[in-house]
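Visitor: Sending over a structure as structure tokens; questions will come in a sec.
Below, the structure is given as structure tokens:
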């Protein structure tokens, strides 16, 4: 795939209807798979064992233990799972120490959504605080807002008890950034700019200033495919959905955590903290988590679409495939690469 390098749409359907066989049971059996997770390859992918990405299964187990042993709510289990992934720095794409931006800084995005109350808490571009998912839950629990961003999000999180300020960079992320600088800052996320094939400074190509005439010509970086900048080893996230053991059917919550795209323009926010794009949950229907090119996904809100399609009667896999195909119809570079799109669904 090119523009949407790898997109996984996980959808989980829990239909609460009186005619369900399970609904008539006095004591429903435990849900066989209350945790769905995804954690793909990203910046500086870590060691794998047998093809598994180190850290991701551990994160899923942490969420499972929170529900199965600790009796936690779905929301708290999502926090436990995503926190484990942040601590383990899953594939370098979650938590501190990965995905430096153009300035070499690592920032965090995270989201949590309660499928029972439809409350959402999120942080984006958060600096100096390493606990992204916990900060998102603080936004949900202690403010009437949905999303806090940047350094103000950091100050809020610290004021509410999270440790900080903390340097989110690591020796690995700084080394990756230095190597990128030595390669003339290639590839990057710039387009239609002068000096796009270097480390800048960047100016709009239509700028009339005579100061930049000598920089024109071959130095103009025009619109280009994201294939050069969106790849397995420079972006991703963990999207997690959990069903708890609250009778009769269990409550659903979803969460995401990511350090964004490697070498992004400072200030860029992806789909991770955007409800309906990276994740969405509704107890009446189910949940969805997605990952891929967040700049494209935010335009289509695929997870909201998946859940609403299931509400209208679509089966999960059909709903997920429909969301992907809608994106493909609008993004021409994706159309010819649909074989690379993977859809996974789980129905307990």
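In my numbering, the protein residues as written are 322 to 669.
We put the beta carbon where it would ideally sit given N, CA and C, even for glycine.
Please read all numbers here as calculations on a predicted model, not as lab measurements.
Kindly indicate which three-state DSSP category residue 369 falls into: helix, strand or coil?
Guide: Low local confidence applies: a pLDDT of 41 at residue 369 is under 50, so the model's placement there is unreliable, and no value is given.
Visitor: What does a CB cutoff of less than 6 Å around residue 442 pick up in its chain, not counting 5 residues either side in sequence?
Guide: Contacts found: 433, 457, 458, 460 and 461.
Visitor: DSSP beta-bridge partners for residue 468?
Guide: According to DSSP, which records beta bridges pairwise, residue 468 is partnered with 443.
Visitor: Of the residues 605, 634, 641 and 463, which one's Cα is nearest the Cα of residue 622?
Guide: Residue 641 is the option with its Cα nearest to residue 622.
Visitor: Candidates 381, 489 and 469: which alpha carbon is nearest residue 449's?
Guide: Selected option, being the one with the closest Cα: 489.
Visitor: Do three or more CB pairs link the region 576-595 to the region 414-434 at distances below 8 Å?
Guide: Cβ pair count under 8 Å is three or more, so yes.
Visitor: Among 428, 402, 424 and 401, which has the Cα closest to the Cα of residue 414?
Guide: The residue with the shortest Cα to Cα distance from residue 414 is 428.
Visitor: Give me the residue from 486, 520, 473 and 436 with the minimum Cα distance to residue 422.
Guide: When each option's Cα is compared against that of residue 422, the closest is 520.
Visitor: Rounded to the nearest angstrom, what separates residue 562 and residue 496 at their Cα positions?
Guide: Going by the C-alpha atoms only, they are around 34 Å apart.
Visitor: Report yes if the CB atom of residue 589 is closer than 8 Å to the CB atom of residue 597, and no otherwise.
Guide: No, the pair does not count as a contact, with Cβ atoms beyond the cut-off.
Visitor: Looking only at its chain, what residues have a beta carbon closer than 8 Å to the beta carbon of residue 493, apart from the 5 residues adjacent to it on each side?
Guide: Excluding sequence neighbours, residue 493 sits near 365, 413, 418 and 419.
Visitor: So the beta strand (DSSP E) residue 432 belongs to, where does it begin and stop?
Guide: Run containing residue 432: 429-435, per the beta strand (DSSP E) assignment.
Visitor: Look up residue 601 in the DSSP assignment and say whether it is helix, strand or coil.
Guide: Strand at residue 601.
Visitor: Could you have a look at residue 648 and say whether DSSP puts it in helix, strand or coil?
Guide: Residue state, collapsed to three classes: helix.
Visitor: To the nearest angstrom, how far is it from the Cα of residue 337 to the Cα of residue 635?
Guide: Unreliable positioning characterises residue 337 in this predicted model, as indicated by a pLDDT of 34, which lies under 50. The coordinate reading is nonetheless provided below. If you take the alpha carbons of residue 337 and residue 635, they lie about 15 Å apart.
Visitor: In three-state DSSP terms, what is residue 525?
Guide: In this structure, residue 525 counts as strand in the three-state DSSP scheme.
Visitor: Can the beta-carbon of residue 594 be found less than 8 Å from the beta-carbon of residue 478?
Guide: Not a contact, by the Cβ cut-off of 8 Å.
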